[in-house]
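If you want our numbering, it's the 1-based position in the sequence shown plus 9. Cβ coordinates follow ideal geometry from the N, Cα and C atoms, glycine included. First comes the structure, then the notes that go with it.
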Amino acid sequence: MKGRFTLTFFGVRGSYPVPGDGTRRYGGNTSSLLLQAAGRSVILDAGTGIIQAGRLLNARRGTRRPIHIFLT
C-alpha cells in the first residue's frame, strides 16, 4: 500500500526517566519514537527509549540501513 508507515513509541515519559513498579504499565522511558516507511528508519528524539529502539533495529540482521535521528 502506498504511503504506509509504522510509528512505534519507545518512551513517552517526558524529560525525566521514571523507572519502577509504578511505571510498568506504560513505561518509564523518556521520549523516543521510531518512524519506519519505505525501508527507512527515523528516530524522533533520543531519550532513554532509544535503547529499546536500537535493540529492535539490531535484531533485524541483514537489513542494516542508515538511521536518521532528529532531536527536539
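Pick from the options that is closest to residue i, judged by C-alpha positions
{"i": "GLY20", "options": "GLY37, ASN67, ARG13, ARG33", "result": "GLY37"}
{"i": "GLY23", "options": "LYS11, LEU42, PHE14", "result": "LEU42"}
{"i": "GLY48", "options": "PRO26, LEU66, TYR25", "result": "LEU66"}
{"i": "PHE14", "options": "ARG64, ILE60, LEU44", "result": "LEU44"}
Spatial neighbours of residue i in its chain, beta-carbon cut-off 8 Å, leaving aside the 5 residues before and after
{"i": "GLY29", "result": "GLY37"}
Buried/exposed call for residue i, threshold 16 Cβ in 10 Å
{"i": "GLY71", "result": "exposed"}
{"i": "GLY12", "result": "exposed"}
{"i": "THR57", "result": "buried"}
{"i": "ALA62", "result": "buried"}
{"i": "ILE60", "result": "exposed"}
Same chain, Cβ closer than 6 Å to residue i, neighbours up to 5 away in sequence not counted
{"i": "HIS77", "result": "VAL51"}
Cut-off 7 Å between Cβ atoms - residues of its own chain near residue i, not counting five sequence neighbours on either side
{"i": "ASP54", "result": "SER40, SER41, LEU42, LEU80, THR81"}
Three-state class that DSSP yields for residue i in the structure shown
{"i": "ALA47", "result": "coil"}
{"i": "LEU16", "result": "strand"}
{"i": "LEU42", "result": "strand"}
{"i": "LEU5", "result": "Beyond the ends of the chain as shown, which are 10 and 81, falls residue 5; an answer cannot be given."}
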